[in-house]
Every structure is written in C-alpha cells, then in structure tokens.
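Chemist: Protein chains in written order, with our numbering: chain A, 6 to 226; chain B, 112 to 416; chain C, 412 to 604.
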Amino acid sequence: MRKFDPDRPWDLTTLPTTMAPKGSKPHAPTDDRCFLGAGDVPAAPKLQEAVATIKNWFRASSLNVLAFGTGCGAIELRPLSTSRFDMSRFGISGAPSPRQANVFIISGYLSTKTLKRVIRSYEQMPNPKWVVALGSCTINGGMYWDSYNTIKVLDLYMPVDVYITGCMPRPEALIAGFDYLMQDIKKGEANGWHHYLENLEWYRDNQKKVITDWDLPNYSW
Amino acid sequence: MELLPKIGWTALSLFVGINYGFVINGIIRKVMARIQGRFGPPLWQPYIDMGKLLFQRNSIMHGYMHWLGPVFRSVGGIGVFVLVPIVIGDPRLAGFSEMGDLLLVMYFMFFGSLGMALGAGEGGHPHSPIGVSRGLSQMTAFEVPFILSIIALATAAGSFDINAIVAGQQGGVLQWNFFSNPFATAAAFIALLGMNMYAPFNIVGAPTEIPVGPATEYQNTYFSLMMIGRSALAIGKMVLFMNLFLGGAHSVLEALVKVIVIYFWSVFVGAVFPRFRTEQSVRFFLRWPTVIGVAGVLFAQLVRS
Amino acid sequence: MFDFNHSNLDENGNPGAEIVSRIHDRFGNFPVHVQKPDLIRLNVPQTDIIPLLSWLRTETPFVQLTHLTAIDWLEEDEFELVYLITAPSLCISLMVCIRVNREKAEAESVFNLWLQAETYEQELHEMFGIHFPGSPRQGVPFILEGWQDMPPMRRDFDTVEYCNRTHPERPGREHHDSRIYVGRKFGEKGYLK
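This is the structure in structure tokens:
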C-alpha cells in the first residue's frame with residue numbers, strides 16, 4: 006500500500022497514475038463486509054468467471070449517475086441528458102438517491118465542506134460503485150491550487166476509476182470517459198470501491214486530516 | 112376448469128403480462144426520447160436495469176416493515192392482474208375473475224399504494240412521507256370520478272361482475288361503453304391519468320422536488336420487485352379498462368393492441384403537459400371530472416329507465 | 412418622510428446632493444466622495460453608524476441593505492466595514508464606511524434593521540473575525556466547518572503556506588502558470604521563458 010509523502014513530492018520514480026493502493030483482482034470480488042446475508046456461494050472457477058462476465062455486462066450497460074453536482078462541472082451534465090448529447094443512448098440515466106446510484110461524478114473543484122457530504126453519499130451507494138473525476142481540479146487542484154478550502158488530489162480521499170482532464174471538459178469528453186469506464190467494468194478492472202473497503206483506514210486518515218470536525222459514523226451505511 | 116391448470120395458466124399469463132409491461136416501458140422511453148428529439152435508450156433497457164438490480168444485494172436494513180412495502184405493492188399489482196379476464200370466453204385466460212368482482216379489483220388497486228405508504232415511512236428519509244402524503248391525497252381525489260364511472264357502468268350492466276359488464280358490450284363496436292356512455296368513459300379516462308402517474312399528475316415521484324418520492328430508501332432487489340409490481344399493476348389496469356370500456360378482447364392479439372392503445376393515452380398526455388402541484392391536482396379531479404362522472408351516473412339511469 | 416425625486420437635482424446634475432446635505436444637517440460633516448452619480452461614499456465615525464442607518468432605514472427611501480462587507484487595511488491596523496444601502500425608488504446607493512480596530516474587531520449589529528444582515532455578519536465573523544455582539548449565528552460555521560486557523564480573509568493569513576501544509580499536491584506538477592503548459596503544447600515561443 007503506497008502512501009503519498011507530502012515531504013518528498015519530487016520523488017517521481019514512484020509516480021503513480023492513481024494514488025489508490027494497488028492490488029486489483031480480475032473480477033468484482035465478494036466481500037461480506039459490504040453486504041447483508043451470507044455472501045456468494047463459491048462456485049467452480051469457470052462458472053464463476055462466466056457469471057462475473059454476465060454481471061459486469063449488465064452493470065456496464067445500466068449506469069445510474071448520482072445527481073450531485075459538487076462543483077462548476079455539474080453544468081456539463083445537463084447537456085448530456087438533452088437531445089444534443091443524450092447519454093440515455095448508452096443506458097446512462099440519473100438517480101436522485103444514493104441508494105439507487107452506481108456512478109458518482111465529482112464535477113470539478115471539491116471544497117472540504119462538500120467533501121464531507123460526498124463521502125457520506127459515496128458510502129451510502131450500494132456496491133459496486135464507481136467514481137468519475139471530472140476536470141483538472143480533481144486531478145491536481147487546477148486553478149484552485151492555492152485555495153485554502155479546496156482539496157487538490159481527489160484520490161487521497163476517494164477511489165477514482167476514470168479521470169477526465171480539461172477545464173471544463175466538454176460533454177463529448179464526458180461521454181468518452183463513460184466509454185472507458187464501461188470498458189473497464191466489462192473487463193472487471195474498475196474495482197475502486199473494493200480498494201476503498203480494503204483500505205478504509207488509510208482513506209479515513211486522509212479524510213480526517215482535512216475534515217477537522219469529523220462527525221460521520223465509522224461507515225455511512 | 113380445474114384449479115391446478117387454472118393456476119398454471121394464470122401464472123403463465125402473469126409472466127407474459129409482466130414482460131409485456133417491461134416491453135411497453137421500453138417503448139415508452141423510446142417514444143418519450145423521440146418526442147424530445149433524442150435517440151433514447153435501447154428497447155430492452157428495462158430488462159438490463161432489472162438484471163443489474165438483481166445482481167446487486169442490499170446493504171441497509173430499515174426494519175421488516177420497510178421491506179414489506181414493495182411486497183405489498185407487487186401483491187396489489189398481481190391481485191389486480193389475476194382478477195381481470197383477458198380474453199372473452201376463454202377459461203384459460205380468464206384468471207380468477209369469476210371469484211371476485213370489480214370491488215375486489217379496486218381494493219387491490221389501492222391496497223398496493225397503502226402497503227407501499229406503510230413501508231416507505233420506515234425508511235426515515237423525509238422525501239418518503241412527503242411523497243406518500245402527496246400520493247394519498249391525489250389518490251383520494253381521482254378515486255371520486257373513477258368510482259362514479261364504475262357506478263355508472265354497474266348501473267347499466269346491473270352487476271359489479273366484470274364478465275357481466277363485458278358480456279353487455281358485445282354485438283358491435285357501438286355497444287362498447289366507450290360509445291354507449293361517453294360521460295363515464297371520460298371520467299374514468301381522466302382518472303386513469305392520475306392513476307398512471309405521468310405528467311401532469313406525477314407529483315409522487317416529482318423530479319426536482321422529491322426526486323423519487325417514497326422509493327428514496329429502497330435498494331436493489333426491492334427496487335426490482337417494485338418494478339415488477341408496477342408492471343403487473345399497469346398491465347392489469349389497462350386490461351381492466353379494456354374490459355370496462357373497449358368491449359374486452361376476442362383474441363390475445365386484440366388484447367395486446369388495446370392495452371397499448373390505452374396505455375399511450377396517458378403517455379402522450381404526459382409528454383406535453385407540465386406538472387400540477389398537489390392542491391391543483393386535487394382540485395382538478397374534484398371539479399370537472401367529478402361533474403362528468405355524476406353526469407355519467409345520471410345518463411346510465413336515464414338510458415336504463 | 413422626505414420627498415426625494417429626480418427633480419431635486421442640483422445644478423451639477425448630482426442626484427445625491429439632496430440626501431448628502433440632509434445627512435450633513437443632521438449628523439455633522441462627514442467626508443463625502445461621489446464616486447459615480449448614483450454611488451456616494453460616506454466615511455462615518457463608528458459611533459454614528461447605528462443612528463445614521465436607522466434614520467436612513469425609517470425616514471428616507473434608502474431602505475435596502477444591498478451588501479455588507481469588510482476591507483482589511485493591514486498597514487493602518489484597521490478594518491473598514493462597508494454598508495451598501497440602496498434606495499430602489501431613486502436608483503442611488505450609499506456606501507457607508509466605518510473603521511474598526513483590527514485587534515479588537517467588534518462592530519454593532521444591524522440585524523435589527525435588516526434581517527438579512529444576519530448572514531452577512533455570520534460570514535464576516537467567520538472570514539475576518541469581526542464580532543457583532545447580539546447578532547444570531549455568530550460563530551456558527553457557515554462555509555468553513557471546523558476551521559482552526561486564523562480567519563482566512565485576513566491579509567496576514569498566508570494562504571499558500573496553509574494550502575501546502577493542509578492539501579498535499581500531486582507529484583509531477585512543476586508550475587502553476589498555465590501559460591507555460593500551453594506554450595509547451597502549442598509551441599508559442601513567447602511564453603516559454
């Protein structure tokens with residue numbers, strides 16, 4: 006598990022593409038911590054793989070985006086559902102409640118006050134779930150690099166599956182990002198939610214560093 | 112007919128009916144998208160959504176009452192479906208219609224909503240009780256013209272039995288209640304707009320206000336169960352309206368066509384109208400549709416005497 | 412109630428001369444600076460602010476608190492509070508400015524005159540550390556939840572140092588000047604050095 010060392014930012018030899026810890030598994034794994042009930046019954050590996058493929062195809066073809074605009078990039082989500090760009094062609098639709106959403110789009114800058122709500126909403130979403138980070142503010146701070154109230158690196162606090170660069174990215178870029186996300190889901194490689202559960206303590210430490218008045222439960226079910 | 116084959120045939124027709132509801136749902140999404148100038152999702156998108164929901168498992172527990180909400184909802188939908196005959200004179204497709212009359216069907220139509228209201232309140236999210244109270248007040252409002260229309264039809268047929276009402280409409284298109292009692296038809300079809308919850312009466316799951324209303328806290332498998340119940344209830348209601356006003360069906364194909372025609376009445380109205388507020392909706396139903404319903408009852412009495 | 416209207420212009424066409432002379436008659440000679448024909452700045456002693464604003468609110472058309480903000484004069488060790496009061500019927504605004512001490516930053520609340528001042532005063536308390544005794548929600552977090560440092564809008568708050576300390580930067584970012592990246596990408600030589 007790699008930890009980001011703020012004292013040695015020049016250390017480019019270990020420059021990660023994402024700061025989330027490595028160790029992905031080939032298919033969406035089972036974790037009894039995140040479900041009610043007894044868990045999946047283990048089957049033969051071949052059958053398991055086939056079932057996982059089918060599941061991943063279904064998941065990739067029906068993405069529900071949580072309606073939570075965290076920053077200015079939310080303005081790019083509106084054209085996506087109108088007639089010019091029409092995300093429902095790809096089976097993507099909106100979900101107003103985190104209980105029914107799969108995809109969380111962090112649209113642009115994220116202030117620490119919003120980060121608290123984002124963490125809460127993210128943890129309330131059912132597994133599996135994916136995070137799309139939109140705009141350069143989520144990658145390295147962007148134009149808010151010297152703001153006292155805006156986080157700079159999103160994947161210190163949440164696992165990110167797809168980054169979309171730009172300030173602001175156009176809706177076409179967003180559709181391209183969704184395309185990458187769907188391919189990753191079908192291959193079973195978009196397992197950021199599992200990283201989050203496995204390394205919850207590491208994420209919690211980072212979150213508590215910026216959210217000084219932490220009053221959330223241990224895990225927001 | 113023996114009970115066991117009857118149950119088998121009813122289960123089969125229920126399966127087909129639920130699937131037909133899914134197909135119609137896909138068509139509706141496509142049609143709405145085309146009206147708005149979009150391409151829209153593929154026709155089988157409801158099936159994909161359903162599969163995705165079934166492949167996920169629930170992660171929260173709000174108590175057993177909360178879980179029973181969608182169960183009550185689907186019981187209401189299935190109850191309506193199995194109590195309505197689909198094809199005239201075919202005992203295989205008559206369901207259990209000779210065991211219950213129109214009053215039992217109406218009881219099941221509102222039982223689902225009440226059960227859902229009971230379960231949704233357990234979730235604790237403030238949108239759920241708001242949606243429930245909106246839905247129940249609208250339900251009491253559209254029930255008035257609908258019941259007046261039912262009373263008119265029962266007066267004309269002399270019975271609350273659906274089979275008797277259908278039998279009274281045979282012998283030509285002009286014998287349908289659609290033509291023989293236009294007032295009752297108008298009142299019931301306006302009440303249907305409220306039942307189907309498309310705009311302008313989509314105040315329960317009003318987007319941008321209380322986004323999904325009572326279903327806010329429901330998750331994967333329970334959400335899919337609600338989809339099934341909603342599908343069965345919608346198709347059951349359409350078959351009921353077909354029997355009451357469009358003279359029933361003589362073949363399965365005729366039933367399918369009539370069902371989709373009735374369904375798209377509320378879809379097309381919903382595509383062009385904005386949403387009412389709750390009190391506007393209640394006032395709307397209690398004003399002209401009620402007057403039309405009273406006129407339908409008087410008309411039926413007049414024709415009979 | 413005075414009868415203010417546009418026929419009361421003086422010979423220079425200044426629509427606010429009437430109200431300025433009224434204020435001078437009543438409260439003494441404040442320094443007045445006419446920034447625009449419809450925007451007049453008054454520098455008022457701190458003790459006169461509540462009588463002046465209550466008089467404006469109750470007896471003149473200046474009934475609307477458009478804005479309340481603060482300016483940090485670090486070199487003079489003072490905060491300047493700016494009340495922007497508008498007369499909607501005249502389309503004239505008054506900038507009423509008072510100076511408060513920076514060390515003991517405290518000013519009287521105008522919450523009793525305008526209810527919306529509550530939010531402005533809450534924000535000023537949070538962002539500048541100016542205390543308004545009697546105003547509700549003083550000290551309740553507005554934007555900064557759990558803030559433990561100096562109020563961030565004070566000019567001696569080092570934003571970059573705080574930001575580098577609290578929010579780590581992704582390794583690999585060399586500059587914060589986008590012109591360098593744009594020049595490197597699109598070959599505009601003028602931006603390279």
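Glycine residues also receive a C-beta, built at the ideal position from the N, C-alpha and C atoms.
Given the structure is predicted, the values throughout are model-derived calculations rather than measurements.
Just the C-alpha distance for B/Ala273 and B/Val408, rounded to the nearest angstrom, thanks.
Modeler: Along the second sequence, one-based indexing puts residue 273 of chain B at 162. Along the second sequence, one-based indexing puts residue 408 of chain B at 297. Rather than Ala, the amino acid found at residue 273 of chain B in this sequence is Ile. Taking the straight line from one Cα to the other gives about 18 Å.
Chemist: Can you tell me where the alpha helix (DSSP H) holding B/Thr389 begins and where it ends?
Modeler: Within the second sequence, residue 389 of chain B is the residue found at index 278, counting from 1. Start and end: 389 to 397.
Chemist: With a threshold of 6 Å on Cβ separation, who are the neighbours of C/Ile509 within its own chain once the five nearest residues in sequence on each side are excluded?
Modeler: As a working mapping, residue 509 of chain C is identified with position 98 in the third sequence. Only Val455, Gln457, Ile460, Leu492 meet the Cβ criterion.
Chemist: How would you list, in chain order, the residues of chain A whose beta-carbon sits under 9 Å from the beta-carbon of C/Ile377?
Modeler: In this structure chain C extends from 412 to 604, so residue 377 of chain C is not present and cannot be described.
Chemist: Which one or two residues does DSSP pair with C/Asp483 in a beta bridge?
Modeler: Taking the third sequence and counting its residues from 1, one reaches residue 483 of chain C at position 72. C/Asp483 pairs with C/Phe490.
Chemist: Taking the alpha carbon of B/Leu229 as the reference point, which residue from B/Met220, B/Pro240, B/Pro400 has its own alpha carbon closest?
Modeler: Along the second sequence, one-based indexing puts residue 229 of chain B at 118. Checked all of B/Met220, B/Pro240, B/Pro400; the closest Cα to B/Leu229 is B/Pro240.
Chemist: On a CA-only basis, which of A/Gly182, A/Ser116, A/Val136 is nearest A/Ile216? Give me that one, please.
Modeler: Translated into the one-based positions of the first sequence, residue 216 of chain A becomes position 211. Closest by alpha carbon: A/Ser116.
Chemist: For A/Ala55, is the classification buried or exposed, using 16 other Cβ atoms within 10 angstroms of its Cβ as the cut-off for buried?
Modeler: Counting from 1 along the first sequence, the entry for residue 55 of chain A is found at position 50. It counts as exposed.
Chemist: Among B/Ala267, B/Pro116, B/Ala297, B/Arg149, which residue has its Cα nearest to the Cα of B/Leu413?
Modeler: Taking the first residue of the second sequence as position 1, residue 413 of chain B is located at position 302. With distances taken between Cα atoms, B/Leu413 lies closest to B/Ala267.
Chemist: Apart from the five residues on each side of it in sequence, which residues of its chain come closer than 8 Å, Cβ to Cβ, to B/Val90?
Modeler: Here chain B has residues from 112 to 416 only, and residue 90 of chain B is not among them.
Chemist: So C/Arg565 and C/Phe539 are in contact, right, with Cβ under 8 Å, and what is the actual spacing, rounded?
Modeler: Numbered from its first residue, the third sequence carries residue 565 of chain C at position 154. Numbered from its first residue, the third sequence carries residue 539 of chain C at position 128. Correct: roughly 6 Å between the Cβ atoms.
Chemist: B/His177 to B/Asn331, Cα distance in whole Å?
Modeler: For this step, residue 177 of chain B is matched to residue 66 along the second sequence. For this step, residue 331 of chain B is matched to residue 220 along the second sequence. About 14 Å.
Chemist: If contact means a Cβ-Cβ distance below 9 Å, which residues of the region 552 to 581 of chain C contact chain A?
Modeler: The residues in question are Pro552, Ile554, Leu555, Glu556, Gly557, Trp558, Gln559, Asp560, Pro563, Phe568, Thr570, Val571, Tyr573, Cys574, Asn575, Arg576, Thr577, His578, Pro579, Glu580, Arg581.
Chemist: Is the CB of C/Asn536 under 8 Å away from at least one CB in chain A?
Modeler: As a working note, residue 536 of chain C is residue 125 in the third sequence. Checking the displayed sequence, the identity of residue 536 of chain C turns out to be His instead of Asn. No, its Cβ sits nowhere closer than 8 Å to a Cβ of chain A.
Chemist: According to the neighbour-count rule (16 or more other Cβ atoms, all chains shown, within 10 Å of its Cβ), is A/Thr18 buried or exposed?
Modeler: To locate residue 18 of chain A, count along the first sequence from 1; it is residue 13. The predicted model places A/Thr18 with a pLDDT of 41, which falls under 50 and marks its position as unreliable, so this point remains unresolved.
Chemist: Going residue by residue through the region 80 to 144 of chain A, where are the continuous alpha helix (DSSP H) segments of at least 4 residues, counting only ones entirely within it?
Modeler: You should have 82 to 86, 117 to 129.
Chemist: Please decide whether C/Arg595 counts as near chain A, where near means a Cβ-Cβ distance under 8 Å.
Modeler: As a position in the third sequence, residue 595 of chain C is number 184, starting the count at 1. By this cut-off, C/Arg595 is not an interface position.
Chemist: For a contact defined as C-beta to C-beta under 7 Å, what are the partners of A/Asp91 on chain B?
Modeler: By one-based count along the first sequence, residue 91 of chain A stands at place 86. Residues of chain B passing the Cβ test: Arg149, Phe150.
Chemist: Using beta carbons (cut-off 8 Å, strictly below), is B/Tyr329 in contact with chain A?
Modeler: Counting from 1 along the second sequence, the entry for residue 329 of chain B is found at position 218. Taking Cβ atoms only, chain A reaches closer than 8 Å to B/Tyr329, which makes this a yes.
Chemist: Report yes if the CB atom of A/Asn69 is closer than 8 Å to the CB atom of A/Asn107, and no otherwise.
Modeler: Numbered from its first residue, the first sequence carries residue 69 of chain A at position 64. Numbered from its first residue, the first sequence carries residue 107 of chain A at position 102. Yes; because the gap between Cβ atoms is below 8 Å, this pair is in contact.
Chemist: When you compare the CB positions of C/Thr471 and C/Ile503, do they come within less than 8 Å of one another, or not?
Modeler: The count along the third sequence starts at 1 and reaches residue 471 of chain C at position 60. The count along the third sequence starts at 1 and reaches residue 503 of chain C at position 92. In this structure, C/Ile503 does not lie closer than 8 Å to C/Thr471 by Cβ.
Chemist: For B/Glu320, which option in B/Leu165, B/Met250, B/Arg245, B/Gly128 has the closest C-alpha, if you only look at C-alpha atoms?
Modeler: As a position in the second sequence, residue 320 of chain B is number 209, starting the count at 1. Cα-wise, what sits closest to B/Glu320 is B/Arg245.
Chemist: Against chain A, does C/Arg584 count as a neighbour if the rule is that its beta carbon must be under 8 Å from one of theirs?
Modeler: The count along the third sequence starts at 1 and reaches residue 584 of chain C at position 173. Cβ-Cβ to chain A under 8 Å: yes for C/Arg584.
Chemist: Hey, is the region 517 to 533 of chain C in contact with the region 548 to 557 of chain C, meaning 3+ C-beta pairs nearer than 8 Å?
Modeler: Yes: the two stretches touch, three or more of their Cβ pairs being nearer than 8 Å.
Chemist: Could you run through the region 121 to 146 of chain A and flag, in chain order, every residue whose CB is less than 8 Å away from some CB of chain C?
Modeler: Residues Lys121, Ile144, Asn145, Gly146.
Chemist: In the DSSP assignment, what are the bridge partners of C/Thr497?
Modeler: Position 86 of the third sequence, counted from the start, is the residue given in the question as residue 497 of chain C. Bridge partners of C/Thr497: C/Gln475, C/Ser504.
Chemist: Should B/Ile159 and A/Gly96 be called a contact, given that it needs their Cβ atoms to be closer than 8 Å?
Modeler: By one-based count along the second sequence, residue 159 of chain B stands at place 48. By one-based count along the first sequence, residue 96 of chain A stands at place 91. Against a cut-off of 8 Å, the Cβ pair of A/Gly96 and B/Ile159 comes out as a contact.
Chemist: Near A/Glu177, what residues of its chain come up, given a Cβ to Cβ distance below 8 Å and the 5 sequence neighbours on each side ignored?
Modeler: Position 172 of the first sequence, counting from 1, holds the residue named residue 177 of chain A. Taken in chain order, the residues that qualify are Phe90.
Chemist: To the nearest angstrom, how far is the alpha carbon of B/Phe253 from that of B/Val393?
Modeler: As a first step, residue 253 of chain B is located in the second sequence; it is residue number 142 there, counting from the start. As a first step, residue 393 of chain B is located in the second sequence; it is residue number 282 there, counting from the start. Going by the C-alpha atoms only, they are around 8 Å apart.
Chemist: According to the Cβ coordinates, are B/Phe192 and B/Ala302 closer than 8 Å?
Modeler: One-based indexing of the second sequence puts residue 192 of chain B at position 81. One-based indexing of the second sequence puts residue 302 of chain B at position 191. No; because the gap between Cβ atoms is not below 8 Å, this pair is not in contact.
Chemist: Beta carbon of B/Tyr329, beta carbon of A/Arg104: below 8 Å?
Modeler: Taking the second sequence and counting its residues from 1, one reaches residue 329 of chain B at position 218. Taking the first sequence and counting its residues from 1, one reaches residue 104 of chain A at position 99. Going by C-beta atoms, B/Tyr329 is nearer than 8 Å to A/Arg104.
Chemist: Any Cβ of chain B within less than 8 Å of the Cβ of A/Gly193?
Modeler: Walking along the first sequence from the start, residue 193 of chain A turns up at place 188. So no, A/Gly193 is outside the interface.
Chemist: Helix, strand or coil for B/Val198 per DSSP?
Modeler: Taking the first residue of the second sequence as 1, we reach residue 198 of chain B at position 87. DSSP places B/Val198 in coil when its eight states are reduced to three.
Chemist: Go through its chain and collect everything with a Cβ distance to B/Leu304's Cβ below 7 Å, but skip five positions before and after it.
Modeler: Here residue 304 of chain B refers to the residue found at position 193 of the second sequence. Result list for B/Leu304: Phe312, Ser377, Val380, in chain order.
Chemist: What residue does the beta strand (DSSP E) around A/Asn154 start on, and which one ends it?
Modeler: Here residue 154 of chain A refers to the residue found at position 149 of the first sequence. Here A/Asn154 belongs to no beta strand (DSSP E), and DSSP marks it neither H nor E.
Chemist: When DSSP builds the beta bridges, which residues end up paired with C/Gly517?
Modeler: Within the third sequence, residue 517 of chain C is the residue found at index 106, counting from 1. First, the amino acid is wrong: residue 517 of chain C is Glu here, not Gly. According to DSSP, which records beta bridges pairwise, C/Glu517 is partnered with C/His542.
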